[in-house]
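Report on one structure; see the data block that follows.
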Amino acid sequence: MKNIGILGAGQLARMLALAGLPLEMRFGFYDTTGNPSVGLDPVLIDVDAIPSNPALQTFIEASDLVTYEFEHLPLPVLKYIEEKVTIYPPVRSIEICQDRAKEKALFTELAIPTPAYRIVESEAALVTAVAELGTPLVSKTTTDGYDGKGQFIIKNPDQAKEAWQAIGGRPLIVEAFVNFSRELSVIAARASTGEVKIYPLAENEHHEGILRYSTAPAPHIAEETERQAKLYIQELIESLGHVGILTLELFETPNGLLANEMAPRVHNSGHWSIEGAHVSQFENHLRAISGLPLGDTQATRPTCMLNIIGNKGDINAIMALPYAHIHLYDKEERPGRKLGHVNVQADSYEELVWRVNNVAAYLPGAGNYQLKS
Ligand SMILES: Nc1ncnc2c1ncn2[C@@H]1O[C@H](COP(=O)(O)OP(=O)(O)O)[C@@H](O)[C@H]1O
Ligand SMILES: [Mg+2]
345 MKNIGILGAG QLARMLALAG LPLEMRFGFY DTTGNPSVGL DPVLIDVDAI
395 PSNPALQTFI EASDLVTYEF EHLPLPVLKY IEEKVTIYPP VRSIEICQDR
445 AKEKALFTEL AIPTPAYRIV ESEAALVTAV AELGTPLVSK TTTDGYDGKG
495 QFIIKNPDQA KEAWQAIGGR PLIVEAFVNF SRELSVIAAR ASTGEVKIYP
545 LAENEHHEGI LRYSTAPAPH IAEETERQAK LYIQELIESL GHVGILTLEL
595 FETPNGLLAN EMAPRVHNSG HWSIEGAHVS QFENHLRAIS GLPLGDTQAT
645 RPTCMLNIIG NKGDINAIMA LPYAHIHLYD KEERPGRKLG HVNVQADSYE
695 ELVWRVNNVA AYLPGAGNYQ LKS
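The numbering used here puts the first residue of the sequence shown at 345, with every later residue one more than the last.
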């Protein structure tokens, strides 16, 4: 039996634990936000996240192995933990994935195409970068961004100063706005033996920077697109020496794929795999980090994950639908907050669209579900 310590106490930690209990794993959670939502015990809370905190000592002592659900963690704390107990995925993976500048540098080093970009550390440098790259552009903080937070779209050169005021005062990345045909992601698991398994690509639809729908396998994927996506994630996972799940977000364009960002962890665009794959991303993450054989990553049927954002709508009506698998996160309703998701499977994409829209009808703001191709 293994005692696994998870840095973070949100829904990803919760779903990791739910996947690990049948494998005789036990879990403890370390929360640095003061606002854990995992709904499971024990949660140790340490809002300062400094090595000398007694909560951290207790957490380390209770863990045979440490993993995390969130990459925006202070490196000194991670390095301190690493000296006492194994952390998987390795700290280098977090170090790169928590900083968009390092992430993009790795894409470039591995010749993985990515939107044209500049890193800027002052308003003047931003103005120059905007002039060089041309508009429209997306500016983002190099660290701490998620769910579209810390971003500003620069539609014309006059907006450079406004962008610096809105999100600057810290290093920014400014990148070409990509007119993508759709967003895709690819998720892989790598074991410490070097074994790698890759999930089918997911087609992702975002609304206001937040993921709303993921469909896997992404319909109508060209063979070459699939080959490229799998090659890129394989190169990334190996060059990082990563152990666990790694996710790569991609833009599909008429000229091929562009890498957007990656995450060294289980990912919202992989939640479909709980019912949709033989072995979910959560279980494969745990298998990978604890030296167990990896499980099959194939999709069993076309599957869609629909996020429940802001409010739970008529959740009882959704429960009455025979094809809706509901996953709630034990969180209070709040605008823009991820409260849960619903997984739906079908035998065809047509039937899937019909079923998902039946679910969406009970969720205010869910919009209309349509596949891009
Ligand atoms: N360069 C870009 N061009 C067009 N859309 C973008 C670009 N960068 C980000 N976006 C949109 O914003 C979403 C969130 O941005 P992302 O870089 O993935 O940050 P995060 O997910 O960490 O908030 C993307 O999924 C995409 O829809
Ligand atoms: Mg993203």
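Every residue gets a Cβ at the ideal spot worked out from N, C-alpha and C, and that includes glycine. Here the structure is a predicted model, which is why all the values come from computation and not from measurement.
Original post:
Does the Cβ-Cβ distance between residue 481 and residue 519 come in under 8 Å?
Top reply: Against the sequence shown, residue 481 aligns to sequence position 137. Against the sequence shown, residue 519 aligns to sequence position 175. Against a cut-off of 8 Å, the Cβ pair of residue 519 and residue 481 comes out as a contact.
Original post:
What is the DSSP secondary structure of residue 549, reduced to helix, strand or coil?
Top reply: For the purposes of this step, residue 549 is identified with residue 205 of the sequence shown, where counting begins at 1. Strand.
Subject >> Beta-carbon proximity of residue 449 to residue 483, cut-off 8 Å >> reply: Counting from 1 along the sequence shown, the entry for residue 449 is found at position 105. Counting from 1 along the sequence shown, the entry for residue 483 is found at position 139. Inclusion of residue 449 and residue 483 in the CB contact set at 8 Å is not warranted, their separation being larger than that value.
**OP:** Put residue 662 into one of helix, strand or coil per three-state DSSP.
**Re:** For the purposes of this step, residue 662 is taken as the residue at position 318 of the sequence shown. For residue 662, the three-state secondary structure derived from DSSP is helix.
Original post:
When we look at the beta-carbon of residue 564 and count the other beta-carbons within 10 Å, is it buried (16 or more) or exposed?
Top reply: Here residue 564 refers to the residue found at position 220 of the sequence shown. Answer is exposed; the Cβ neighbour count stays below 16.
Original post:
Would you say the beta carbon of residue 576 comes nearer than 7 Å to a heavy atom of ligand 1?
Top reply: Within the sequence shown, residue 576 is the residue found at index 232, counting from 1. Relative to the non-hydrogen atoms of ligand 1, the Cβ of residue 576 never comes closer than 7 Å to any of them.
**OP:** Identify, in the order they occur along the chain, each residue of the same chain with its Cβ nearer than 6 Å to the Cβ of residue 370, setting aside the five sequence neighbours on each side.
**Re:** If you number the sequence shown from 1, residue 370 lands on position 26. Leaving aside the five residues that flank residue 370 on each side, the residues in its chain whose CB is nearer than 6 Å to its CB run, in chain order, 347.
Original post:
What are the complete alpha helix (DSSP H) segments, minimum 4 residues, inside the region 391-468?
Top reply: Counting only runs of 4 or more, we get 398-406, 419-428, 435-441, 444-453.
Original post:
Less than 7 Å between the CB of residue 604 and some heavy atom of ligand 2, yes or no?
Top reply: As a first step, residue 604 must be located in the sequence shown, where it is residue number 260. Because some heavy atom of ligand 2 lies under 7 Å away, the Cβ of residue 604 counts as near it: yes.
**OP:** Starting from the Cα of residue 542, find the closest Cα among 351, 695, 643, 552 and give me that residue.
**Re:** Along the sequence shown, read from residue 1 onward, the residue named residue 542 stands at position 198. A check of alpha carbon separations from residue 542 across 351, 695, 643, 552 identifies 643 as the nearest.
Original post:
Going by other Cβ atoms of all chains shown within 10 Å of its Cβ, with 16 needed for buried, is residue 622 buried or exposed?
Top reply: The residue you call residue 622 lines up with position 278 of the sequence shown. So residue 622 counts as exposed.
**OP:** Check whether the Cβ of residue 593 sits closer than 7 Å to any heavy atom of ligand 2, and report yes or no.
**Re:** The residue you call residue 593 lines up with position 249 of the sequence shown. Answer for residue 593: yes, Cβ within range of ligand 2.
Original post:
Which first and last residues belong to the beta strand (DSSP E) in which residue 520 is found?
Top reply: As a position in the sequence shown, residue 520 is number 176, starting the count at 1. That run of the beta strand (DSSP E) goes 516-520.
Original post:
By Cβ distance below 8 Å, which residues in the same chain neighbour residue 438 in space, the five residues on each side in sequence not counted?
Top reply: Indexing the sequence shown from 1 puts residue 438 at position 94. Within the same chain, residue 438 has close Cβ partners 412, 415, 417, 419, 422, 608.
Original post:
Leaving out the 5 sequence neighbours to the left and right, which residues in its chain are closer than 6 Å to residue 537 when beta-carbon positions are compared?
Top reply: Sequence index remark: in the sequence shown, residue 537 carries index 193 (1-based). Cβ neighbours of residue 537 beyond the five flanking positions: none.
Original post:
How close, in whole Å, do the beta carbons of residue 381 and residue 355 come, if the pair is a contact with beta carbons under 8 Å?
Top reply: The residue given as residue 381 occupies position 37 in the sequence shown. The residue given as residue 355 occupies position 11 in the sequence shown. A Cβ-Cβ separation of about 7 Å places residue 381 in contact with residue 355 under the 8 Å criterion.
Subject >> Burial state of residue 375 (16 or more Cβ within 10 Å) >> reply: Locating residue 375 in the sequence shown gives position 31, counting from the first residue. By the Cβ neighbour-count rule, residue 375 is buried, with 16 or more other Cβ atoms within 10 Å of its own.
Original post:
Of all the options 489, 349, 595, which has the alpha carbon lying nearest to the alpha carbon of residue 526?
Top reply: The residue labelled residue 526 in the question sits at position 182 within the sequence shown. That would be 595, whose Cα lies nearest to the Cα of residue 526.
Subject >> Spatial neighbours of residue 681 in its chain, beta-carbon cut-off 8 Å, leaving aside the 5 residues before and after >> reply: For the purposes of this step, residue 681 is taken as residue 337 along the sequence shown, with counting starting at 1. Result list for residue 681: 653, 654, 675, in chain order.
**OP:** Taking only the alpha-carbon atoms, compute the straight-line gap between residue 460 and residue 713 and give it to the nearest angstrom.
**Re:** Position 116 of the sequence shown, counted from the first residue, corresponds to residue 460. Position 369 of the sequence shown, counted from the first residue, corresponds to residue 713. In this structure, the alpha-carbon of residue 460 lies about 31 Å from that of residue 713.
Original post:
Quick one: does the C-beta of residue 492 sit closer than 7 Å to a heavy atom of ligand 1?
Top reply: Position 148 of the sequence shown holds residue 492. Residue 492 has its CB nearer than 7 Å to a heavy atom of ligand 1.
Subject >> Of the listed residues 639, 456, 476, 486, nearest to residue 441 (C-alpha basis) >> reply: Working through the sequence shown from its first residue, we reach residue 441 at position 97. The shortest C-alpha separation from residue 441 is found at 486.
Original post:
Is residue 495 near ligand 1, judged by its Cβ being under 7 Å from some heavy atom?
Top reply: Position 151 of the sequence shown, counted from the start, is the residue given in the question as residue 495. Checking the Cβ of residue 495 against ligand 1 gives yes.
Subject >> Where residue 564 falls: helix, strand or coil (DSSP) >> reply: Looking up residue 564 in the sequence shown gives position 220. Correct three-state label for residue 564: coil.
Subject >> Paired residues, beta bridge with residue 369 - DSSP >> reply: Within the sequence shown, numbered from 1, the residue matching residue 369 stands at position 25. 346.
Original post:
What are the partner residues of residue 687, as DSSP defines its beta bridges?
Top reply: Here the question's residue 687 lines up with position 343 in the sequence shown. Residue 687 has 649, 669 as its beta-bridge partners, per DSSP.
Original post:
How many Å lie between residue 666 and residue 585 at the Cα?
Top reply: Indexing the sequence shown from 1 puts residue 666 at position 322. Indexing the sequence shown from 1 puts residue 585 at position 241. Inter-residue distance for residue 666 and residue 585 is about 42 Å (C-alpha atoms, whole angstroms).
Subject >> Counted within 10 angstroms of its Cβ, other Cβ atoms place residue 663 as buried (16 or more) or exposed >> reply: By one-based count along the sequence shown, residue 663 stands at place 319. It counts as exposed.
Original post:
Are the beta-carbon atoms of residue 601 and residue 572 separated by less than 8 Å?
Top reply: Reading the sequence shown from its first residue, position 257 is the one you call residue 601. Reading the sequence shown from its first residue, position 228 is the one you call residue 572. Yes, the pair counts as a contact, with Cβ atoms nearer than the cut-off.
**OP:** Rounded to whole angstroms, what's the CA-CA distance from residue 631 to residue 599? Just pull it up for me.
**Re:** The residue labelled residue 631 in the question sits at position 287 within the sequence shown. The residue labelled residue 599 in the question sits at position 255 within the sequence shown. Rounded to whole angstroms, the gap between the alpha carbons of residue 631 and residue 599 is 37 Å.
**OP:** Indicate whether residue 685 and residue 707 have their beta-carbon atoms separated by less than 8 Å.
**Re:** For the purposes of this step, residue 685 is taken as the residue at position 341 of the sequence shown. For the purposes of this step, residue 707 is taken as the residue at position 363 of the sequence shown. No.
**OP:** Could you have a look at residue 502 and say whether DSSP puts it in helix, strand or coil?
**Re:** Here the question's residue 502 lines up with position 158 in the sequence shown. Helix, per DSSP.
Original post:
Looking only at C-alpha atoms, which of 488, 691, 429 sits nearest to residue 634?
Top reply: Indexing the sequence shown from 1 puts residue 634 at position 290. Minimum Cα distance to residue 634 is reached at 429.
**OP:** Please say whether residue 697 and residue 668 have beta carbons closer to each other than 8 Å?
**Re:** Position 324 of the sequence shown, counted from the start, is the residue given in the question as residue 668. Position 353 of the sequence shown, counted from the start, is the residue given in the question as residue 697. Their beta carbons are not under 8 Å apart, which means residue 668 does not touch residue 697 by this criterion.
**OP:** Give the straight-line distance between the Cα atoms of residue 503 and residue 494, rounded to the nearest whole angstrom.
**Re:** To locate residue 503, count along the sequence shown from 1; it is residue 159. To locate residue 494, count along the sequence shown from 1; it is residue 150. Roughly 16 Å between the two C-alpha positions.
**OP:** Tell me residue 597's beta-bridge partners as DSSP assigns them.
**Re:** Here residue 597 corresponds to residue number 253 of the sequence shown, with the count starting at 1. Beta-bridge pairing links residue 597 to 600.
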